[in-house]
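Working notes, beginning with the structure itself.
Number of protein chains: 4
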Amino acid sequence: MERRTGNGTVPERLLATATRMFAERGYERTSVQEIVEAAGVTKGALYHYFGAKDDLLHEVYARVLRLQQERLDAVAGEDAPVADRVRRAAADVVVTTIENLDDAIIFFRSMHQLSPEKQQQVRAERRRYHERFRALVEEGQRAGVFSDATPADLVVDYHFGSVHHLSNWYRKDGRLTPQQVADHLADLLLRALRP
Amino acid sequence: MERRTGNGTVPERLLATATRMFAERGYERTSVQEIVEAAGVTKGALYHYFGAKDDLLHEVYARVLRLQQERLDAVAGEDAPVADRVRRAAADVVVTTIENLDDAIIFFRSMHQLSPEKQQQVRAERRRYHERFRALVEEGQRAGVFSDATPADLVVDYHFGSVHHLSNWYRKDGRLTPQQVADHLADLLLRALRP
Amino acid sequence: MERRTGNGTVPERLLATATRMFAERGYERTSVQEIVEAAGVTKGALYHYFGAKDDLLHEVYARVLRLQQERLDAVAGEDAPVADRVRRAAADVVVTTIENLDDAIIFFRSMHQLSPEKQQQVRAERRRYHERFRALVEEGQRAGVFSDATPADLVVDYHFGSVHHLSNWYRKDGRLTPQQVADHLADLLLRALRP
Amino acid sequence: MERRTGNGTVPERLLATATRMFAERGYERTSVQEIVEAAGVTKGALYHYFGAKDDLLHEVYARVLRLQQERLDAVAGEDAPVADRVRRAAADVVVTTIENLDDAIIFFRSMHQLSPEKQQQVRAERRRYHERFRALVEEGQRAGVFSDATPADLVVDYHFGSVHHLSNWYRKDGRLTPQQVADHLADLLLRALRP
DNA sequence: TATGAATGAGGCTTCATTCAT
DNA sequence: TATGAATGAAGCCTCATTCAT
Numbered sequence: 001m002e003r004r005t006g007n008g009t010v011p012e013r014l015l016a017t018a019t020r021m022f023a024e025r026g027y028e029r030t031s032v033q034e035i036v037e038a039a040g041v042t043k044g045a046l047y048h049y050f051g052a053k054d055d056l057l058h059e060v061y062a063r064v065l066r067l068q069q070e071r072l073d074a075v076a077g078e079d080a081p082v083a084d085r086v087r088r089a090a091a092d093v094v095v096t097t098i099e100n101l102d103d104a105i106i107f108f109r110s111m112h113q114l115s116p117e118k119q120q121q122v123r124a125e126r127r128r129y130h131e132r133f134r135a136l137v138e139e140g141q142r143a144g145v146f147s148d149a150t151p152a153d154l155v156v157d158y159h160f161g162s163v164h165h166l167s168n169w170y171r172k173d174g175r176l177t178p179q180q181v182a183d184h185l186a187d188l189l190l191r192a193l194r195p
Numbered sequence: 001m002e003r004r005t006g007n008g009t010v011p012e013r014l015l016a017t018a019t020r021m022f023a024e025r026g027y028e029r030t031s032v033q034e035i036v037e038a039a040g041v042t043k044g045a046l047y048h049y050f051g052a053k054d055d056l057l058h059e060v061y062a063r064v065l066r067l068q069q070e071r072l073d074a075v076a077g078e079d080a081p082v083a084d085r086v087r088r089a090a091a092d093v094v095v096t097t098i099e100n101l102d103d104a105i106i107f108f109r110s111m112h113q114l115s116p117e118k119q120q121q122v123r124a125e126r127r128r129y130h131e132r133f134r135a136l137v138e139e140g141q142r143a144g145v146f147s148d149a150t151p152a153d154l155v156v157d158y159h160f161g162s163v164h165h166l167s168n169w170y171r172k173d174g175r176l177t178p179q180q181v182a183d184h185l186a187d188l189l190l191r192a193l194r195p
Numbered sequence: 001m002e003r004r005t006g007n008g009t010v011p012e013r014l015l016a017t018a019t020r021m022f023a024e025r026g027y028e029r030t031s032v033q034e035i036v037e038a039a040g041v042t043k044g045a046l047y048h049y050f051g052a053k054d055d056l057l058h059e060v061y062a063r064v065l066r067l068q069q070e071r072l073d074a075v076a077g078e079d080a081p082v083a084d085r086v087r088r089a090a091a092d093v094v095v096t097t098i099e100n101l102d103d104a105i106i107f108f109r110s111m112h113q114l115s116p117e118k119q120q121q122v123r124a125e126r127r128r129y130h131e132r133f134r135a136l137v138e139e140g141q142r143a144g145v146f147s148d149a150t151p152a153d154l155v156v157d158y159h160f161g162s163v164h165h166l167s168n169w170y171r172k173d174g175r176l177t178p179q180q181v182a183d184h185l186a187d188l189l190l191r192a193l194r195p
Numbered sequence: 001m002e003r004r005t006g007n008g009t010v011p012e013r014l015l016a017t018a019t020r021m022f023a024e025r026g027y028e029r030t031s032v033q034e035i036v037e038a039a040g041v042t043k044g045a046l047y048h049y050f051g052a053k054d055d056l057l058h059e060v061y062a063r064v065l066r067l068q069q070e071r072l073d074a075v076a077g078e079d080a081p082v083a084d085r086v087r088r089a090a091a092d093v094v095v096t097t098i099e100n101l102d103d104a105i106i107f108f109r110s111m112h113q114l115s116p117e118k119q120q121q122v123r124a125e126r127r128r129y130h131e132r133f134r135a136l137v138e139e140g141q142r143a144g145v146f147s148d149a150t151p152a153d154l155v156v157d158y159h160f161g162s163v164h165h166l167s168n169w170y171r172k173d174g175r176l177t178p179q180q181v182a183d184h185l186a187d188l189l190l191r192a193l194r195p
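Chains as they are written, first to last, in UniProt numbering: chain A, 1 to 195; chain B, 1 to 195; chain C, 1 to 195; chain D, 1 to 195.
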């Protein structure tokens, strides 16, 4: 039976603590000892639930990827004009990224700390996400609602660059709400795609 | 007098080696021992020229920042319509980023490994660059050649996100040349800014 | 549970070994590597119990200070004429210093190797000891059993100089027993204090 | 020809700088690099004049020992009652110690940093000094002007303990002048020796 | 006389992981 | 399920000394 001493189960607490600390100081600068102390458990407990330190990191990636893929699949599958779906997908990924900014910071900074196999796996899932988004853009280009001056691949990378970059500049206490930022960035994308 | 064994002076060789290795495996996963072995010198020699491991990292940043600021200042100061200058600046930063992709990979991934003071310094210089670029966009907005639907700040972050992101997807052996990528990305920016 | 291989627990063995080696060769000339080898454990074990090399040194100081303060407090609080109490305190500190000569050697030679904070702390406790002893001398001066030709402060430093100096000349195999040395030194002090 | 760039010749400047730094931070915590920088010369220059770092330390010892032996020989050889000569010798060593407090700090703290041969040599010269002083005390004991309750050896160590200890408590800005301290300490010694 | 780049050995500390309990 | 003492490898850095110039 899982013990509960703070909020959530032990593995949940460990993952939440690790996420926060990895985002604050970086993966390599956060020791296992510090994580277990902050989570209020012992090393033995951590190794009971996670085989290695980088399993914690991998869990963060898995969580982010799962969430974003689900959101994209949902939006892409809606019954709406393609331009609307692209706009909503573009804005949605901004909002969820901001809402999980710690995850995003880790995501774009620590991937090379994963073991090669796990990196491979993460890259494959990211590609799947990219492909899905690209398909949406291409659908719009074929339909003539988007300019096809720029290859869809590049368009996707263009937009996702700005999403990654959020972790470098967005501040919770800034003057724009997550939704406002999302609307602006989606708007820039749509304007760039105007025929 | 500086000794030469191999190409360049010892500090040059150390910096070049470190740059390559930091880009390949990340700063934390590259040991000082590995750097000096690859550069063919001893640890003592490294510490004769660099006070600490993160001085090597700081040098990479200084080099990138100096180069990009110079290029931007040159382009921004030209005697040409503002839209042309923005397009050239936007494309130029893409080309120089691709030409120094190792630097870029390091730049966007390892800044938090710098000591707090060095981070401060780098952040200040980045801000200066950002401000210069933003001023250019605002100039275009005031002149009416660019839409002012989006705050100039956000526009700059939008574009620079895509520049940062280059280090995640651009491959030297891909099908687009650096100049082609640059033209596409600058074009996307300009299209997004159309009134 | 604490492991035992040899005499005492691991931290006890480490401290005993370090004390001996610091006294023999000095703190700076004793490496952590040598300590753990002599104690039959690994470096990791040492750092499991002591946060830094100078924690070992600090422990020596803490032990000496605690012991001497306890002895002084006990003697000073006795119900006996003040001259007797001073004589006993003066002799007692000589005996315990000789009985812990390694500690004493370290004490008077290595204090400046402690971190500034730990030095501060040690200094504060030494002062407390000094004050207690000085109060005793002043009591005798006020009572007229001691000459007040010399400030009590100086008297205390005079006597303690000879205690410190023991670590420079006393040899276990010399012709005087610890008690004989103690009696002589206490006698010198009391004779110097005769009105 | 010896170059002069600051005050004194290069070797003089080096020795003066090293003395100050050894006293302030300790021998081991002062690097050769720091000494040469503070003295305004280069490493090559230091090694031109001194064969090794610990030659600097040895010079400090040689200087102290030479000076004190000269003073003691002069006082002891005077034509005056033995009690007066002892009092003057006892006071004189206090004054010269305070006047060269840096030397004294080093002397009583760093001897074990010398090479074994140099330690041996220093010990031999100290013994010579000790013997001369002891002879003086014994002369007084035989003459009946001093009590012989305490062995002369112990009397000398008693007094010299207080001299060593000066480096632990004496402050230039304290309320007693060097001469006052010297008089008090010599007085304590003479009072202790009263028959 | 002096330079200062370079050496090479060694110093202290950190840390992910294991394992007997 | 968990503990936490212990391991062992590796990490960054310091420094006295040498030597070609």
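Think of the CB as a built atom: it goes at the ideal place given N, C-alpha and C, for glycine as much as any other residue. These numbers were taken from a predicted model, which means no experiment stands behind them.
* Near H58 of chain B, what residues of its chain come up, given a Cβ to Cβ distance below 7 angstroms and the 5 sequence neighbours on each side ignored? -> Here H58 of chain B has L114, K118 as same chain residues with Cβ atoms under 7 angstroms from its own Cβ, once five neighbours each way along the sequence are excluded.
* **Beta-carbon neighbours of residue 256 of chain D, restricted to chain C and to distances below 7 angstroms** => With chain D covering 1 to 195 only, the question about residue 256 of chain D has no answer from this structure.
* To do: Would you verify that the beta carbon of residue 203 of chain D is, or is not, closer than 8 angstroms to some beta carbon of chain C?
  => Here chain D covers residues 1 to 195 and nothing more, so residue 203 of chain D does not appear.
* Work out the CA separation of G161 of chain D and D84 of chain C for me, nearest whole Å. => Cα to Cα, D84 of chain C sits roughly 23 angstroms from G161 of chain D.
* Within-8 angstroms CB hit, G26 of chain C to chain D -> So yes, G26 of chain C belongs to the interface.
* Asked: Using CA coordinates, which residue listed in A:E131, A:R194, A:R25 is at the minimum distance from A143 of chain A?
  -> When each option's Cα is compared against that of A143 of chain A, the closest is A:R194.
* **8 angstroms Cβ cutoff, R4 of chain B in contact with chain A** => Bear in mind that the predicted position of R4 of chain B carries a pLDDT of just 47, short of 50, making it unreliable; the figure below should be weighed with that in mind. So, not an interface residue.
* To do: Would you mind reading off the limits of the alpha helix (DSSP H) that contains Y47 of chain A?
  => In this chain, the alpha helix (DSSP H) harbouring Y47 of chain A covers 43 to 49.
* Beta-carbon contacts of H159 of chain A that lie in its chain and below 7 angstroms, excluding the five residues immediately before and after -> Cβ neighbours of H159 of chain A within its own chain (closer than 7 angstroms, five residues either side excluded): A90, L189.
* Asked: For G44 of chain C and chain D, any beta-carbon pair shorter than 8 angstroms?
  -> Answer no: the Cβ-Cβ gap between G44 of chain C and chain D never drops below 8 angstroms.
* Closest to V21 of chain D by CA distance: which of D:Q180, D:I35, D:V137 is it? -> Reading off the sequence shown, one finds Met at residue 21 of chain D, where the question assumed Val. Taking the Cα of M21 of chain D as reference, the smallest distance to any Cα among D:Q180, D:I35, D:V137 is reached at D:I35.
* So, is H48 of chain B buried or exposed, given that buried needs 16 or more other C-beta atoms within 10 angstroms? -> It is exposed - the Cβ of H48 of chain B has fewer than 16 other Cβ atoms within 10 Å.
* To do: Report buried or exposed for T96 of chain B, applying the criterion of at least 16 other Cβ atoms within 10 angstroms of its Cβ.
  => In summary, T96 of chain B is buried, with 16 or more beta-carbon neighbours lying within 10 Å of its beta-carbon over all protein chains present.
* **Within-8 angstroms CB hit, F22 of chain D to chain C** => Not closer than 8 angstroms to any Cβ of chain C, the Cβ of F22 of chain D fails to qualify, so no.
* **Own chain, CB closer than 6 angstroms to V32 of chain A, minus 5 neighbours either side, in chain order** => So the qualifying residues of the chain are K53.
* Asked: Hey, is the region 164 to 182 of chain B in contact with the region 133 to 150 of chain B, meaning 3+ C-beta pairs nearer than 8 angstroms?
  -> With a cut-off of 8 angstroms, the region 133 to 150 of chain B and the region 164 to 182 of chain B do not count as touching, because too few Cβ pairs lie within range.
* Sorted by chain position, which residues of the same chain lie with C-beta nearer than 8 angstroms to R128 of chain B's C-beta, five sequence neighbours on each side aside? -> Cβ neighbours of R128 of chain B beyond the five flanking positions: Q69.
* To do: Assign G161 of chain B to one of three DSSP states: helix, strand, or coil.
  => It is helical.
* To do: Could you tell me which chain C residues have their CB closer than 8 angstroms to the CB of Q113 of chain D, listed as they occur along the chain?
  => Result: G26, E28, R29.
* Could you have a look at G140 of chain B and say whether DSSP puts it in helix, strand or coil? => It is helical.
* Is H58 of chain C close to chain D, meaning its C-beta is less than 8 angstroms from at least one C-beta of that chain? -> No, H58 of chain C does not count as interfacial toward chain D.
* **Contacts of R87 of chain B in chain A (Cβ-Cβ under 7 angstroms)** => None at all; the shortest Cβ gap to chain A is about 13 angstroms.
* Asked: Hey, out of C:A135, C:V41, C:R171, C:S147, whose CA is closest to L72 of chain C's CA?
  -> Looking at C:A135, C:V41, C:R171, C:S147, the one whose alpha-carbon comes closest to that of L72 of chain C is C:A135.
* Between the Cα of A74 of chain D and those of D:Q180, D:G8, D:R132, spot the shortest distance and give me the residue it belongs to. => The residue with the shortest Cα to Cα distance from A74 of chain D is D:R132.
* Please list, in chain order, all residues of the same chain as R123 of chain A whose beta carbon is under 7 angstroms from its beta carbon, the five residues on each side excluded. => None.
* **Helix, strand or coil at P81 of chain A according to DSSP, with G and I counted as helix** => In the displayed model, P81 of chain A falls within coil according to three-state DSSP, outside both helix and strand.
* Using a beta-carbon distance below 8 angstroms, is F160 of chain C in contact with chain D? -> So yes, F160 of chain C belongs to the interface.
* Would you please verify whether the beta carbon of R194 of chain C is less than 8 angstroms from any beta carbon of chain D? => Interface residue, yes.
* Asked: Does DSSP classify M1 of chain B as helix, strand or coil?
  -> Bear in mind that the predicted position of M1 of chain B carries a pLDDT of just 39, short of 50, making it unreliable; the figure below should be weighed with that in mind. Coil at M1 of chain B, not helix or strand.
* To do: Would you mind working out which of B:R25, B:A23, B:L185, B:V64 sits nearest A149 of chain A, comparing C-alpha positions?
  => Here the closest residue by C-alpha is B:L185.
* To do: Put N168 of chain B into one of helix, strand or coil per three-state DSSP.
  => DSSP places N168 of chain B within a helical segment (H, G or I) once states are collapsed to three.
* Closest Cβ-Cβ distance between H164 of chain D and chain C: below 8 angstroms? -> Answer yes: the Cβ-Cβ gap between H164 of chain D and chain C drops below 8 angstroms somewhere.
* To do: Could you name each continuous alpha helix (DSSP H) segment of 4 residues or more that falls completely within the region 65 to 130 of chain A, going from the start of the chain to the end?
  => DSSP runs (the alpha helix (DSSP H)) wholly in the region 65 to 130 of chain A: 82 to 99, 101 to 107.
* Asked: Where S167 of chain B and D92 of chain B are concerned, what is the direct C-alpha to C-alpha distance, given to the nearest angstrom?
  -> In a straight line, the C-alpha of S167 of chain B is about 16 angstroms away from that of D92 of chain B.
* **Inter-residue CB distance, V64 of chain A and T19 of chain A (contact presumed, cutoff 8 angstroms)** => That belief does not hold up - the Cβ atoms of V64 of chain A and T19 of chain A are roughly 10 angstroms apart, past 8 angstroms.
* Asked: Looking only at C-alpha atoms, which of D:L154, D:H164, D:D79, D:R126 sits nearest to D102 of chain D?
  -> Nearest C-alpha to D102 of chain D: D:H164.
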